[in-house]
Ligand SMILES: Cc1cc2nc3c(=O)[nH]c(=O)nc-3n(C[C@H](O)[C@H](O)[C@H](O)COP(=O)(O)OP(=O)(O)OC[C@H]3O[C@@H](n4cnc5c(N)ncnc54)[C@H](O)[C@@H]3O)c2cc1C
Ligand code: SF4
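Residue numbers (our numbering), protein chains in the order written: chain A, 1 to 542; chain B, 1001 to 1164.
In structure tokens:
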């Protein structure tokens, strides 16, 4: 970065500085830039390119393990910050790059259901959201149409009007097998909507079924937000600075935000802006707010409620992998999911827990991923020795039936600043404290039984049950939740901090409850809604 | 503007690429230990080669070690330890390693299983495709749904709870 640019960055006052370039940051940047505002996004990572991904390499599954791990502590790229995971049942996953964690995501694109917004009213636990499904629906639709979600109209698990823009990818042999079992059981299923276009759209290619979506899409098809939104945002005038690690949000004597202090290659910078929008995810955002404590905000920025960092939800995932005799072409993508089921997602108190899981059936590319690794949970000789040859053959035809668990908010599940651990720039790292609740464990054991039942009806010859699916909880939610009351929430329904007049939070932190749906579609819709409100605020101020 | 100690070099921040070669070559003793471990975990059976019975075993494990380069020190440390174990005791020692130091066992066994699965012999034998482009036919999805497979779900109607 030359000196001229340094000076420009320091002296300018932008309309908004955005921290983090994942889906929430990308949508905010695009929306504000399209409306003519001067926006700058600070991202600690840089670009990953389709040609970088594991699928381009020989021994791609080893490359995925060695260099494309989903957990930052295992990956340890310069852009990553460490997490203290000594007191958590789950080590969170994320990716720190342009596009954020969507570099890794599987692009399962599902919405919260109407009841997810009314958990207190319906189930007497947690809290209601300050908004409803109906209020969010137009924003869901707008993002879906922009990125070109593939799927089938009319899912009976949702209100009328859910209509993905692009036709679905084929179910394939695997999807047909899974769907047939669901029909036999009389359970709900639907072709899963995926943020993976079946036809070329915008800056995205059509999916060519490589099947390596979680390790990065070599085709440039998956709607990771570096590909799906950033080209349009930059074209609209948004400025994206990579390698810029924000160390604190700065404030003035009145307590209002003035911008962001950041570090790049050891040099410190400050960018000034009228509005600060934090999009650093459910862990990076509370970390930054806690780092930004000041005289006016002694417990951390926007933390008069004491709730910043609390109520962390991680959506524990579990799976039952079933192995079949017939050729299911399980290596075919996208991964993505072929079908979802919302059969059990509404509360039924006779099950002994409230809320419920979302189920999804996925292809299983890779013999290490879906043969060897699951069998490690079985006794040693079930995998090694003579059985090894059976395991790798069986793995060719497997179905991964997984479930997201709606882990309800609990204040004891939280992100704090670790007193000792720091990132490469010397900034304190987050500590994750997270324990499964009784409701979570009951829901998990219930759904594990259901997943096994589906496989049995489908004729699986062998099942491997994985209650604790590692590397999966990339759903980072609840640590700066929204609400109407400043005493019991951090931000209002538009992500505006109750305590700071010009600070907006737009990532998964602001979820009130987690729901069972994969969250990015909701994160994206909320970010769009918040950004549109911010346009009104900026227009008023001008 | 305050300058702090240079924290980063000019390397890419969000991508780390596998090396072409491990930090150093395996020694003869390490290679021999790898052979014993490979044959213990993957014995020859029904015409399938053992873990080390691959034509290019040495280059495959070397390539795998290059990819898993971040863990090379752990790998060579455990190979050093295992080199003292007689082959007839290796099964028990590996089972013990898995129970006591799962991360190290995972690394060692992943390296050997990876080398095995990505060998020419096993690729030909398993006929399991590596990731590749295989776009669907234009009408594949429509053909599937036109069989009426979704009809039972649609007939049962909405399953969500209406609120407000
Ligand atoms: C393996 C995996 C699979 C997943 N699969 C799915 C799926 O199928 N469906 C789904 O809906 N969701 C999935 N997710 C979750 C999805 O990726 C996230 O919900 C989504 O990316 C969140 O968007 P975000 O903008 O809030 O945060 P992120 O995408 O995490 O982006 C945050 C960005 O902020 C940057 N940042 C953080 N702190 C700082 C700082 N101090 N300074 C500068 N920059 C900073 C980070 O580098 C990062 O790029 C998955 C996640 C993982 C890891
Ligand atoms: S299956 Fe589709 S989305 Fe997944 S990696 Fe391949 S082309 Fe990309």
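Cβ atoms here follow ideal geometry from the backbone N, Cα and C, with glycine treated the same way.
Under 8 angstroms between C-beta atoms, does residue 1163 of chain B make it to chain A?
Chain A contact via Cβ: present.
Taking the Cβ atom as the reference point for each residue, do residue 312 of chain A and residue 301 of chain A lie within a distance shorter than 8 angstroms?
Taking 8 angstroms as the Cβ cut-off, residue 312 of chain A and residue 301 of chain A do not qualify as a contacting pair.
So, is the C-beta of residue 208 of chain A closer than 8 angstroms to a C-beta in chain B?
It does: the Cβ of residue 208 of chain A has a partner Cβ on chain B nearer than 8 angstroms.
In or out: residue 1141 of chain B buried (at least 16 other Cβ within 10 Å) or exposed?
Classification for residue 1141 of chain B: buried.
So, residue 128 of chain A versus residue 117 of chain A, is the Cβ gap smaller than 8 angstroms?
Yes. Within cutoff.
Considering residue 84 of chain A, what are the terminal residues of the beta strand (DSSP E) in which it resides?
Unbroken beta strand (DSSP E) run through residue 84 of chain A: 84-88.
Using three-state DSSP, classify residue 1102 of chain B as helix, strand or coil.
Three-state result, residue 1102 of chain B: helix.
Would you call the CB atoms of residue 335 of chain A and residue 217 of chain A closer than 8 angstroms?
Taking 8 angstroms as the Cβ cut-off, residue 335 of chain A and residue 217 of chain A do not qualify as a contacting pair.
Is the beta carbon of residue 1051 of chain B closer than 8 angstroms to that of residue 61 of chain A?
No.
To the nearest angstrom, how far is it from the Cα of residue 1066 of chain B to the Cα of residue 74 of chain A?
Computed Cα separation, rounded: 17 angstroms.
Would you give the residue range spanned by the alpha helix (DSSP H) that residue 147 of chain A belongs to?
Run containing residue 147 of chain A: 133-147, per the alpha helix (DSSP H) assignment.
Of all the options A:466, A:268, A:329 and A:271, which has the alpha carbon lying nearest to the alpha carbon of residue 445 of chain A?
Considering only alpha carbons, the answer is A:466.
Anything in chain B within Cβ reach of residue 127 of chain A, meaning under 7 angstroms, just list it in chain order.
Result: empty, since nearest Cβ-Cβ is about 14 angstroms, beyond 7 angstroms.
How long is the line joining the alpha carbons of residue 110 of chain A and residue 404 of chain A, rounded to whole angstroms?
Using only the alpha carbons, I get a separation of about 11 angstroms.
From this set, A:46, A:12 and A:431, which residue's C-alpha is nearest residue 1013 of chain B's C-alpha?
Looking at the Cα atoms, A:46 is the closest of the given residues.
Is there at least one Cβ from chain A nearer than 8 angstroms to residue 1110 of chain B's Cβ?
Yes, contact with chain A.
Along chain B, in chain order, which residues have C-beta atoms closer than 8 angstroms to that of residue 466 of chain A?
The contacting residues do not exist; residue 466 of chain A stays about 15 angstroms from chain B at best.
Does any heavy atom of ligand 1 sit closer than 7 angstroms to the C-beta of residue 362 of chain A?
The answer is no for residue 362 of chain A.
For residue 1053 of chain B, would you say it is in contact with chain A, using Cβ-to-Cβ distances shorter than 8 angstroms as the test?
Chain A contact via Cβ: absent.
Do residue 228 of chain A and residue 203 of chain A have their C-beta atoms closer together than 8 angstroms?
Result yes, Cβ atoms of residue 228 of chain A and residue 203 of chain A sit closer than 8 angstroms.
What is the rounded straight-line gap between the Cα of residue 454 of chain A and the Cα of residue 181 of chain A?
If you take the alpha carbons of residue 454 of chain A and residue 181 of chain A, they lie about 6 angstroms apart.
Given that residue 1017 of chain B touches chain A, what residues does it touch there, using C-beta distances under 8 angstroms?
Result: 52 and 67.
Contact criterion: CB-CB distance below 8 angstroms. Does residue 1061 of chain B meet it with respect to chain A?
By this cut-off, residue 1061 of chain B is not an interface position.
Which residue wins for smallest C-alpha separation from residue 413 of chain A, given the options A:379, A:382, A:480 and A:350?
Ranking the options by Cα distance to residue 413 of chain A, first place goes to A:480.
Got a sec? Which residues, its chain only, sit under 7 angstroms from residue 167 of chain A by beta carbon, not counting five neighbours each side?
150 and 198.
I'd like the ranges of any alpha helix (DSSP H) spanning at least 4 consecutive residues and lying wholly in the segment 1004-1067 of chain B.
Entirely contained in the segment 1004-1067 of chain B, the alpha helix (DSSP H) runs reaching 4 residues are, in chain order, 1028-1041 and 1057-1067.
Comparing the CB of residue 74 of chain A with every heavy atom of ligand 1, is any distance shorter than 7 angstroms?
Outside the cutoff, so no.
Output, in chain order, the set of chain A residues within a Cβ distance shorter than 9 angstroms of residue 1036 of chain B.
Here the premise fails: no neighbours, minimum Cβ distance about 14 angstroms.
Output, in chain order, the set of chain B residues within a Cβ distance shorter than 8 angstroms of residue 118 of chain A.
Near residue 118 of chain A (Cβ distances below 8 angstroms), the residues of chain B are 1163 and 1164.
Listed from N- to C-terminal order along the chain, which residues in the segment 159-188 of chain A have their beta-carbon within a distance smaller than 9 angstroms of any beta-carbon of chain B?
Cβ contacts with chain B: 159, 160, 167, 168, 169, 170, 171, 172, 175, 176, 179, 180, 182, 183, 186, 187 and 188.
Identify, in the order they occur along the chain, each residue of the same chain with its Cβ nearer than 6 angstroms to the Cβ of residue 136 of chain A, setting aside the five sequence neighbours on each side.
Result list for residue 136 of chain A: 525, in chain order.
Got a sec: does ligand 1 put a non-hydrogen atom nearer than 7 angstroms to the Cβ of residue 323 of chain A?
Answer for residue 323 of chain A: no, Cβ out of range of ligand 1.
Should residue 209 of chain A be counted as a contact of ligand 2 given a C-beta to heavy atom distance under 7 angstroms?
For ligand 2, at least one heavy atom lies less than 7 angstroms from the Cβ of residue 209 of chain A.
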